[in-house]
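Q:
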Amino acid sequence: MAYIGDQRDNTAWGGAEVEDYFALLKPRVMSLVIFTAIVGLLIAPGSLHPLLAVTAILCIAIGAGASGALNMWYDADIDAVMSRTVNRPIPAGRITKSEALSFGLVLSAFSVAILGLVTNWVAAGLLAFTIFFYAVIYTMWLKRWTPQNIVIGGAAGAFPPMIGWAAVTGTITIESTVLFLITFLWTPPHFWALALYKKGDYAEAGIPMLPNVAGERVTQNQILIYTLILAAISVAPTLLGFASLAYGIVAAGLGLAFTFYAVRLWQQKESVALKKAARQLFAFSLIYLFVVYLVLLADVSVANFMAGGSA
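Numbering (the UniProt record's numbering), first residue to last: 1 to 311.
(1) Residue range of the alpha helix (DSSP H) that Arg-84 falls in?
(2) Please identify the residue among Gln-220, Gly-63, Thr-119 and Ile-90 whose C-alpha is closest to the C-alpha of Trp-165.
(3) Assess, as a yes-or-no matter, whether the segment 122-134 is touched by the segment 161-175 under the definition of 3 or more beta carbon pairs within less than 8 Å.
(4) At what residues does the alpha helix (DSSP H) containing Trp-121 begin and finish?
(5) Here's a check: name, in chain order, each residue in its chain whose Cβ is nearer than 7 Å to the Cβ of Ile-150, leaving out the five neighbours to either side.
(6) Just to check my reading of the structure: Ala-167 and Ala-56 have Cβ atoms closer than 8 Å, yes? What is that Cβ distance to the nearest angstrom?
(7) In whole angstroms, what separates the C-alpha of Ala-16 from that of Leu-294?
(8) If you draw a straight line from the C-alpha of Tyr-202 to the C-alpha of Met-82, how long is it?
(9) Helix, strand or coil, according to DSSP, for Ala-214 in the structure here?
(10) Out of curiosity, what's the CA-to-CA distance linking Ser-31 and Phe-22?
(11) By DSSP, does Arg-94 sit in helix, in strand, or in coil?
(12) Under 8 Å Cβ to Cβ from Ser-234, same chain only, skipping five residues before and after it: list those, please.
(13) Per the contact definition of three or more C-beta pairs closer than 8 Å, is the segment 68-81 in contact with the segment 94-114?
(14) Might you give, ordered along the chain, the residues of its own chain that have their beta carbon closer than 7 Å to the beta carbon of Phe-184, omitting 5 neighbours on each side?
(15) Could you tell me whether the segment 105-114 touches the segment 50-69, where touching means 3 or more Cβ pairs closer than 8 Å?
(16) Using a 10 Å radius around the Cβ and a threshold of 16 neighbouring Cβ atoms, would you call Leu-296 buried or exposed?
(17) Closest by CA to Arg-279, which one among Glu-175, Lys-26, Tyr-197 and Val-18?
(18) Following the continuous alpha helix (DSSP H) through Val-235, name the residue where it begins and the one where it ends.
(19) Quick one: Cα of Ala-298 to Cα of Thr-177, how far?
(20) My output table needs one value for Ala-193: the three-state DSSP class, helix, strand or coil.
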């Protein structure tokens, strides 16, 4: 089924309406947002009533989903020509662009308003800025105009742990900034690895991803540089004193593993081997971010439990 703008392909319309709207929320991306936001909320000093904490995480998730819906609304033309996105609800003709736009705007307003009312307006303001940054700054501007789109646009995906932290504390601190930086610095090597083995898709869609604009060698160099910086920043929680030495050792080990994959990718010159190495780095990057945040959560939780038991 071809992309038909704001006209629904009625032959595709059936009982999948709920599933199609859920797909607009980019659930796989949302799962990462939810997880990192939970970590930020749980390791922040202080506490929220469990009902308020669950509501805050739900609002952050809905806000992330709203960003996804607005992204799909604007990028329907691009999605229609890329193999990994052609079956999304709009290009497949199951949802119209106007429906996706309305859905995204309503969810955006709802999530920000409720988060502000149940926690504080610092967290709500960060969520509103995140939605704006992803939908407008990244989707409407950076994505189509600069090969640095992922670097700058990655900020949108890095805000959730900071929002979770702010939901508890009402502040932005050095600790929450470090959480932001871990995800922010992880984003370029993660997505540029994807861009290396999906180079043809991005070229066909006219998106100026770094491999298409600057070449594979420059992309390999940039991936290695960002990976090295990420590996250093990931141990900052230990250096700043809000995580233990145990976390620092695990984070350093994960950073070395990430660097191994980045170096192996950097060494490749032949196309098939390069794509294989890029796929492997991309797959490991997913594991890396999850484990870093999981270990940090476990580390801080154990420390808080022991401190409470000895009080």
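The C-beta atom is built at its ideal place from N, Cα and C for all residues, glycine as well.
A: Let's see:
(1) From DSSP, Arg-84 is part of no alpha helix (DSSP H); its letter is neither H nor E.
(2) Out of Gln-220, Gly-63, Thr-119 and Ile-90, the CA that lies nearest to the CA of Trp-165 is found in Thr-119.
(3) When Cβ pairs closer than 8 Å are counted between the two stretches, the segment 161-175 is seen to touch the segment 122-134, the count reaching three or more.
(4) According to the DSSP assignment, Trp-121 belongs to the alpha helix (DSSP H) that extends over 121-132.
(5) Take Ile-150, set aside five residues on each side of it, and the residues of its chain with a beta-carbon closer than 7 Å to its own are Thr-187, Pro-188, Phe-191 and Trp-192, in chain order.
(6) With 8 Å as the limit, Ala-167 and Ala-56 qualify as a contact, their Cβ atoms being about 4 Å apart.
(7) Unreliable placement is indicated for Ala-16, whose pLDDT of 42 sits below 50; the coordinate value is still reported in the next sentence. Taking the straight line joining both Cα atoms gives about 34 Å.
(8) Roughly 7 Å between the two C-alpha positions.
(9) Correct three-state label for Ala-214: coil.
(10) If I take the Cα positions, the gap works out to 13 Å.
(11) Note: Arg-94 maps to coil in three-state DSSP.
(12) Excluding sequence positions up to five before and after Ser-234, its CB lies within less than 8 Å of the CB of Ile-182, Ala-251, Ala-252, Leu-254, Gly-255 and Val-292, all in the same chain and listed in chain order.
(13) Three or more beta-carbon pairs separated by less than 8 Å link the segment 94-114 to the segment 68-81, which places the two stretches in contact.
(14) Excluding sequence neighbours, Phe-184 sits near Gly-154, Ala-155 and Ala-158.
(15) Here the segment 105-114 lies against the segment 50-69, with 3 or more beta-carbon pairs under 8 Å apart.
(16) So Leu-296 counts as buried.
(17) It is Tyr-197.
(18) It is not in any alpha helix (DSSP H) - Val-235 carries neither H nor E in the DSSP assignment.
(19) Note on geometry: alpha-carbon atoms of Ala-298 and Thr-177 lie some 19 Å from one another.
(20) DSSP places Ala-193 in helix when its eight states are reduced to three.
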